[in-house]
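One structure below.
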Ligand SMILES: [Fe+2]
Ligand SMILES: [Fe+2]
């Protein structure tokens, strides 16, 4: 015996469901806006397209076959300095991984056409940066595990639902840290007397990345005031609190590598102060009163130092 078909009207319920989807999502996800509302962002997008570069075109020149030459002799630095660089660059590598994921999230959260287009270029930039650090780290040593402070910082920036917080955390704080750390580490390696061919395998690729990172920081500075406009007092307080928490984690991540940084001639406090000075300039450019002033951040350094020391004492020393 064949069972009869159900008697309810499939057509009517499907139409209702489609109408519901259209009402809820249709206008939200895709817009007809092709007018550029922020010319600076549009200009950054065009610069990003113009300045794309491909590691495959430079791989042989960055990471040539060393043959029988010992890696330390090739780089012109000691074993301890090479391993210290590998630990510090491993953190940068995870920062690039985080930037790839978070800029991809932001691409779906922006209200304007030009901002989503710019962020699409940033996703591609970060994927290329991940690839470059895979190359640098494989050439000099290997990728070491992520430090717990950076892991918590990136996880929290990825987890927040607020686009302005993601932009502050990633494009201003983490990318700002990357720029300051790159500057200090490259200066340290120069002063240690890294060889020309060593510089070619480490310094030149990082310099190329720094040009991309400046553009990403620029996007945050230009776009944040628009996103923060009209934020309530409560919202501003929440953003400040989150920033302070992220600062603690950022500081922990810098201090975690104190020993390795010293090996490379980098002072972690000087690095942080440099980072805060750059951040201050960006806050002024943003004109965004919701951001925590660097003066307040600087006053927190001794307390942060003690906090991070305590957390580090509870954790096993990083493996060589
Ligand atoms: Fe990057
Ligand atoms: Fe970036």
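Residue numbers (the working numbering): -18 to 301. Backbone N, C-alpha and C define an ideal beta-carbon position, used for all residues, glycine too.
Inset, instruction - Confirm the yes/no value for this check: CB of residue 29, any heavy atom of ligand 1, distance under 7 Å. - result: no
Legend entry - Under the three-state DSSP convention, the category residue 41 falls into: helix
Inset, instruction - Work out the CA separation of residue 75 and residue 67 for me, nearest whole Å. - result: 12 Å
Legend entry - Burial state of residue 42, where buried means 16 or more other Cβ atoms lie within 10 Å: exposed
Inset, instruction - Please say whether residue 95 and residue 19 have beta carbons closer to each other than 8 Å? - result: yes
Inset, instruction - Could you spell out the range, first to last residue, of the alpha helix (DSSP H) harbouring residue 83? - result: 60 to 88
Inset, instruction - Would you kindly work out how many angstroms separate the C-alpha atoms of residue 116 and residue 213, rounded to a whole number? - result: 45 Å
Inset, instruction - Could you tell me whether the Cβ atoms of residue 138 and residue 57 are closer together than 8 Å? - result: Here residue 138 is not near residue 57, since their CB atoms are 8 Å or more apart.
Inset, instruction - Classify residue 0 as buried or exposed, calling it buried when 16 or more other Cβ atoms lie within 10 Å of its own Cβ. - result: exposed
Legend entry - Local conformation of residue 220 per DSSP, three classes: helix
Inset, instruction - Provide the residue span of the alpha helix (DSSP H) that contains residue 255, from first to last. - result: 249 to 267
Inset, instruction - Using the Cα positions of residue 261 and residue 201, report the straight-line distance between them to the nearest angstrom. - result: 14 Å
Inset, instruction - Below 8 Å on the Cβ atoms is my guess for residue 80 versus residue 151; work out the distance and round it to an integer in Å. - result: 6 Å
Inset, instruction - Take every Cβ of the region 98 to 116, pair it with every Cβ of the region 192 to 207, and state whether three or more of those distances are shorter than 8 Å. - result: Yes: the two stretches touch, three or more of their Cβ pairs being nearer than 8 Å.
Inset, instruction - Grab me the residues of residue 241's own chain with a C-beta within less than 6 Å of its C-beta, minus the 5 sequence neighbours each way, in chain order. - result: Same-chain partners within the cutoff: 65, 68 and 69.
Legend entry - Neighbouring residues (CB closer than 5 Å to any heavy atom of ligand 2): 80, 156, 194 and 197
Inset, instruction - Return the Cβ separation of residue 121 and residue 50 in integer angstroms, given the expectation that the two are a contact with Cβ distance under 8 Å. - result: 13 Å between Cβ atoms; not a contact.
Inset, instruction - Return yes when at least one heavy atom of ligand 1 lies under 7 Å from the C-beta of residue 207, else no. - result: No, ligand 1 has no heavy atom inside 7 Å of this Cβ.
Inset, instruction - Report the rounded CA-to-CA distance for residue 55 versus residue 86, giving the unit in angstroms. - result: 40 Å
Legend entry - Cutoff 7 Å; reference residue 246; Cβ partners in own chain excluding five residues on either side: 169, 172 and 173
Legend entry - Own chain partners of residue 93 with C-beta closer than 6 Å, once the 5 adjacent residues on each side are dropped: A distance below 6 Å between beta-carbons, with the five flanking residues on each side excluded, links residue 93 to the following residues of its chain, in chain order: 18.
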